[in-house]
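Numbering (UniProt numbering), first residue to last: 1 to 231.
One structure below.
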């Protein structure tokens, strides 16, 4: 729940700030699976927070002063004044401050999907190159591993059981990026090829927390275009 009640956290996220500002509490969320990981955690815990949308192509000075590498997400605890960078550290911090409902710490993760994003990025960067087929096969192998796990996970809609948790918040946004980008640029039908992944993503996307933290497919596509080599 992003605005009602007393704000405990402010989280800087990749976005399009209102009126072309460097940052603003008003704007549109952009395509960052790491930011969405944090936002999903806050939403599922029903913590009162505010999003600060940051133009990562024109980062404000305060962001670089607090976090010299300029990365987002970046969370500020309004009660203690503490700043926390890195999505994994933020998730753990939120879990320590608000242990209920439990969503787990990074150490509790089953590591489902480990290595997925590096394989995806390698494939994307090799479009129309001699290594495209090799990198495609590597990405497909990662997706097959995930699909097998989900198929063997019984009737559980989420990785840790009946309720979403830490591994879901990390994996689902990344799977969504893979689905959108490969469908657009290579006509993949990920959800059909790996039906357990399709069922899993469809279930995640029905959650109010997902609907409150998602962004349009065209924003995902535009965000990845600079990573694709131009021949």
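Note that CB positions come from ideal geometry on N, CA and C, so glycine has one too.
task: Give, in chain order, every unbroken run of the alpha helix (DSSP H) that is at least 4 residues long and sits entirely within the region 89-158.
output: 116-125 and 132-151
message: Using only the alpha-carbon positions, how far apart do residue 89 and residue 96 sit?
response: 11 Å
query: Tell me, which residues are paired with residue 74 by DSSP?
result: 12 and 85
- prompt: Skipping 5 residues on each side, what residues in its chain have a beta carbon closer than 6 Å to that of residue 184?
  reply: 221
field: Nearest neighbour of residue 223, chosen from 20, 121 and 51 [CA to CA]
entry: Comparing Cα positions, the closest option is 121.
Nearest neighbour of residue 44, chosen from 101, 15, 60 and 85 [CA to CA]: Cα-wise, what sits closest to residue 44 is 101.
field: Residue span of the beta strand (DSSP E) that contains residue 26, given as start and end
entry: Note, residue 26: premise wrong, no beta strand (DSSP E); not H, not E.
query: Is residue 54 helix, strand or coil when you go by DSSP?
result: strand
- prompt: Considering residue 190, what are the terminal residues of the alpha helix (DSSP H) in which it resides?
  reply: 190-193
message: According to DSSP, simplified to helix, strand and coil, what is residue 215?
response: coil
task: Given a cut-off of 8 Å, decide if residue 27 and residue 17 are closer than it, judged by their beta-carbon atoms.
output: With respect to the 8 Å criterion, residue 17 and residue 27 are classified as neighbours on the basis of their beta carbons.
field: residue 172, enclosing alpha helix (DSSP H) - first and last residue
entry: 166-186
- prompt: Candidates 75, 22 and 65: which alpha carbon is nearest residue 36's?
  reply: 75
field: Reduced DSSP category for residue 229 - H, G, I as helix; E, B as strand; rest coil
entry: coil
query: Alpha carbon to alpha carbon, how far is residue 25 from residue 55?
result: 12 Å
task: For residue 161, write down the residues that DSSP places opposite it in a beta bridge.
output: 158
message: Counting beta carbon pairs with one atom in the region 197-209 and one in the region 128-139, are three or more of them shorter than 8 Å?
response: no
message: Quick check on residue 23: buried or exposed, where buried means 16 or more other Cβ atoms within 10 Å of its Cβ?
response: Counting Cβ neighbours within 10 Å, residue 23 comes out buried, since at least 16 surround it.
query: Relative to the C-alpha of residue 11, which residue among 67, 57 and 20 is closest?
result: 67
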